[in-house]
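> I am attaching a structure below and will ask some questions about it afterwards.
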Ligand SMILES: Nc1nc2c(ncn2[C@@H]2O[C@H](COP(=O)(O)OP(=O)(O)OP(=O)(O)O)[C@@H](O)[C@H]2O)c(=O)[nH]1
């Protein structure tokens with residue numbers, strides 16, 4: 001943000017009365033001047049709708065400005081501030097050019113009294129006006145505003161602050177925009193003043209014309225006061241009156257104050273006038289104005305004015321005002337109330353358990369309450385005494401031991417002075433005391449318990465109160481400047497972005513000013529670092545002495561105290577006056593400090609809201625992370641079933657291998673048996689088939705197949721597959737349980753009753769078609785061996801059935817041949833002997849063998865498929881089960897995440913709105 005450029009007070013009387021430093025820095029943000037400032041309206045729209053937003057539309061950088069304002073100020077421009085009361089020095093070019101000493105005199109004048117310099121440009125050659133304007137600009141620099149009358153071109157060329165237009169001159173808006181075109185890099189709007197000679201033109205110029213201030217030339221009008229009063233009623237911009245009405249050659253102090261008191265913001269003087277008026281008169285003028293604004297010094301100020309002064313609203317007396325900042329403040333308060341109410345809703349959603357939200361609720365409830373000044377500091381630092389000294393009565397108990405044990409609110413009440421005070425204790429322990437002290441009409445003052453680790457309860461009470469305060473007076477005792485616990489407490493106040501004004505109390509304990517200066521610079525240096533600012537305000541005071549002075553003051557209300565303050569230059573008491581002055585200036589909305597008060601007041605709930613917002617954002621971020629983590633954990637658990645499936649597939653391989661090898665073994669043994677049975681040499685078998693013809697005879701091989709091979713093999717395989725099925729089911733049941741437990745263990749807070757799941761959920765873990773068992777169950781050893789026998793019988797019959805005795809004898813040849821090889825030999829012989837049928841025997845035997853092999857392989861395949869299907873079914877069931885069990889956890893995490901993201905969006909909106917509101921508050925003075 002571009003720093004504010006504020007004009008130093010044109011009047012810096014060096015009188016000890018005001019304790020002004022002789023030349024306060026020109027660019028200081030908070031000058032020591034007690035004079036109120038006027039801010040000319042940025043846009044004519046402030047006065048009339050017809051010119052709304054002209055500065056944006058017509059400004060040199062119109063469209064860009066809207067996109068990227070150069071400052072935080074609305075429209076990207078800042079209005080220059082005009083302090084009042086002030087003197088305007090009006091010059092002709094000849095005044096500047098013809099007189100050698102003029103520039104030196106002007107130099108001195110702008111350094112002391114004059115805040116505005118107007119160069120007449122209407123008459124005379126353009127060249128001379130330009131030359132005079134250049135010389136003036138070089139002298140005036142930025143110490144006062146230089147305006148050129150009627151010559152916008154020359155004002156623009158020399159970089160003047162603005163122009164003065166006559167009644168018949170250019171429209172103000174045209175002049176302003178021409179100036180802006182030429183000063184495109186400046187963030188300050190050009191000043192446009194209008195010279196008027198009647199009430200009507202004054203009204204017109206201030207409203208529809210949009211002038212920033214008026215130069216009212218009364219001519220020889222006799223009824224100065226009346227004319228001014230009429231204008232004062234309606235015109236809300238500063239009015240500087242041309243002093244034509246003076247009967248005296250030199251405008252006297254009385255003359256000047258009369259004009260000022262009539263309601264003018266200042267007086268327009270010629271170079272001649274200014275030369276003739278002595279510094280004493282000018283000094284006196286500013287003193288009396290100042291005094292009128294602050295304390296009664298002049299007996300001519302009536303009781304009403306005095307009451308105003310005492311109330312702290314003294315600066316409102318008799319000074320024209322055009323900025324209704326209070327109205328703007330009210331608007332902002334309403335806006336703030338609705339923004340913060342909305343924010344509270346969002347915070348309660350984001351962090352329902354966050355206790356600090358109640359702080360914001362309280363702050364919003366108290367948004368209309370007066371400014372809250374809290375006096376904080378370690379116990380015994382003199383907080384109560386400082387308050388008593390400010391109020392001028394010993395309202396609060398003071399003492400060397402901790403005396404303030406509760407938060408004590410001091411509020412205004414119109415009690416009889418004799419009653420002094422009435423206190424109530426609220427249920428939360430806070431004391432509310434009603435006092436008739438006028439300053440309390442403008443602000444509530446809070447005495448807080450001392451902060452010190454020993455006084456833990458008191459420290460906590462004060463800490464809890466800090467966020468509510470709009471301004472902190474941090475009282476430090478001179479005998480222990482800046483202790484460790486003070487530093488800790490100070491740091492704490494900065495967490496709430498509190499403005500702190502330091503009061504170095506008991507400074508009467510220092511023996512001389514050198515000791516005092518050392519303490520001040522020690523505290524300032526350290527607090528600058530702690531608060532990370534160059535702008536540390538510290539008032540060294542001796543509250544006890546001041547209180548005593550005030551209490552012993554004469555009956556005409558503290559006069560003695562003021563006399564001491566003003567006349568004795570006694571730093572021990574007079575420095576307290578500066579503190580009071582600071583406080584009074586805080587009460588007037590038209591001063592920069594008063595403006596700051598409004599900003600602080602408006603800023604208090606926002607600072608609380610921001611702090612809560614940051615905490616909510618952190619919480620929300622963490623919650624989002626944890627919800628995301630939960631969601632991915634739930635997904636991981638659900639997905640991890642795939643690993644289980646792979647593991648089961650791997651383990652099932654060995655089950656299938658075992659089954660297949662059992663079938664293979666059975667197959668081999670069966671084949672062996674076939675080979676040994678189906679031999680030509682098996683004469684006894686052939687004989688029994690052929691000779692006995694007993695179809696019912698059971699082959700020995702058949703019973704072997706049934707009893708020794710197939711029977712046990714089928715039984716074994718059935719057992720194996722039974723085990724396999726059990727293995728599948730028990731694994732599923734165990735894993736299913738483990739999954740359920742892991743969900744429950746991970747999210748113990750989420751409980752689901754089993755009835756939330758579909759009925760068949762748990763059934764799923766046991767459910768299995770048992771295809772593998774069914775496949776083997778159809779296999780009967782008896783039936784298979786019968787089939788085997790049939791096959792064998794057919795082979796024998798088909799081979800030997802047609803041979804008769806000859807064939808048989810031939811076959812007998814082979815009876816001596818015991819092996820298959822012998823079968824082949826026999827086959828050869830038989831072939832030679834014409835026994836064709838026998839030659840088919842090996843092929844038929846091979847047929848049986850192939851059939852057995854095929855049957856065994858098909859069985860193996862069937863079992864393998866069935867086992868695979870059983871495995872698939874179980875793993876799919878487990879997957880389904882885990883999905884059903886895990887779904888609510890996943891949904892819960894997803895829902896939580898969705899809600900948190902929604903809240904996160906709402907928090908971002910709150911942040912945006914708060915930031916915008918803050919900018920508006922910061923721009924209160926340019927509204
Ligand atoms: N010398 C000196 N003593 C002072 C001054 N101001 C206060 N005291 C004394 O300091 C002591 C403490 O003053 P209090 O005003 O009670 O201090 P406090 O900070 O309010 O104390 P607690 O309420 O207990 O935290 C009293 O004895 C006062 O008289 C001062 O300016 N100079």
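In UniProt numbering, the protein residues as written are 1 to 927.
For each residue, glycine too, the CB sits at the ideal point set by N, CA and C.
So which of 386, 358 and 489 has the shortest CA-CA distance to residue 504?
386
> Are there any heavy atoms of ligand 1 lying less than 8 angstroms away from the beta-carbon of residue 544, as far as the coordinates show?
Yes.
> Contact between the stretch 621-634 and the stretch 358-369 is defined here as three or more beta-carbon pairs at a separation below 8 angstroms; is this criterion met?
no
> I'd like to check one pair, residue 237 with residue 931: are the Cβ atoms closer than 9 angstroms?
Here the chain has residues from 1 to 927 only, and residue 931 is not among them.
> In this structure, does DSSP put residue 351 in helix, strand or coil?
coil
> Identify the continuous alpha helix (DSSP H) that holds residue 719 and give its terminal residues.
711-746
> Please state the DSSP three-state secondary structure of residue 772.
helix
> Provide the residue span of the beta strand (DSSP E) that contains residue 213, from first to last.
213-217
> Helix, strand or coil for residue 210, going by three-state DSSP, please let me know.
coil
> Which residue wins for smallest C-alpha separation from residue 112, given the options 502, 731, 739 and 282?
282
> Tell me whether residue 396 counts as near ligand 1, meaning its Cβ is closer than 8 angstroms to at least one heavy atom of that ligand.
yes
> Could you pull out every residue in the same chain whose Cβ sits closer than 7 angstroms to the Cβ of residue 897, ignoring the five residues on either side in sequence?
624, 627, 628 and 631
> Relative to ligand 1, is the shortest distance from any of its heavy atoms to the C-beta of residue 104 smaller than 8 angstroms?
no
> Measure the C-alpha to C-alpha separation of residue 502 and residue 133 and round it to an integer number of angstroms.
45 angstroms
> Is there contact here, the stretch 485-498 with the stretch 533-547, by at least three beta-carbon pairs under 8 angstroms?
Flag = no, the stretch 485-498 and the stretch 533-547 do not touch.
> Pick out whichever of 714, 666 and 895 has its Cα sitting closest to the Cα of residue 854.
666
> Excluding the 5 residues flanking residue 490 on each side, which residues of the same chain have their C-beta closer than 6 angstroms to its C-beta?
530
> Determine the direct distance from the alpha carbon of residue 776 to that of residue 862, and round the result to whole angstroms.
9 angstroms
> Decide if residue 870 is buried, meaning its Cβ has at least 16 other Cβ atoms within 10 Å, or exposed.
buried
> Using the three-state DSSP reduction, which class does residue 366 fall into: helix, strand or coil?
coil
> How about residue 269 and residue 87: do their beta carbons lie closer than 9 angstroms?
yes
> Drop a sphere of 10 angstroms on the beta-carbon of residue 429, count the other beta-carbons inside from all chains shown, and report buried for 16 or more, exposed for fewer.
exposed
> When DSSP builds the beta bridges, which residues end up paired with residue 90?
BP columns for residue 90 point to 118 and 270.
> Grab the span of the alpha helix (DSSP H) containing residue 641 for me, first residue to last.
Under the DSSP assignment, residue 641 falls in the alpha helix (DSSP H) whose first and last residues are 641-677.
> Out of 653, 580 and 544, state which residue places its alpha-carbon closest to the alpha-carbon of residue 382.
544
> Can you name the start and end residues of the beta strand (DSSP E) that residue 193 belongs to?
191-196
> Please classify residue 764: is it buried, with 16 or more other beta-carbons within 10 angstroms of its beta-carbon, or exposed?
buried
> Span of the alpha helix (DSSP H) holding residue 522?
513-531
> In chain order, what are the residue ranges of uninterrupted beta strand (DSSP E) at least 3 long that sit wholly in the stretch 837-917?
none
> Please identify the residue among 214, 444 and 217 whose C-alpha is closest to the C-alpha of residue 1008.
The requested residue 1008 does not occur in the structure, where the chain is confined to residues 1 to 927.
> Do the CB positions of residue 110 and residue 140 come within less than 9 angstroms of each other?
Their beta carbons are under 9 angstroms apart, which means residue 110 touches residue 140 by this criterion.
> Pick from 194, 899 and 793: whose alpha carbon is nearest that of residue 620?
899
> For a test of the three-state rule: what should DSSP assign to residue 920, helix, strand or coil?
DSSP, read as helix, strand or coil, puts residue 920 in helix.
> Among the residues of its own chain, which have a CB less than 6 angstroms from the CB of residue 38, if the five just before and after it don't count?
Confidence at residue 38 is low in this model, with a pLDDT of 37, below 50, so its placement is unreliable and the value that follows should be read with caution. The answer, listed in chain order, is 82, 84 and 238.
> So what does DSSP say about residue 929, is it helix, strand or coil?
A question about residue 929 goes unanswered here, because the residues of the chain that appear run from 1 up to 927.
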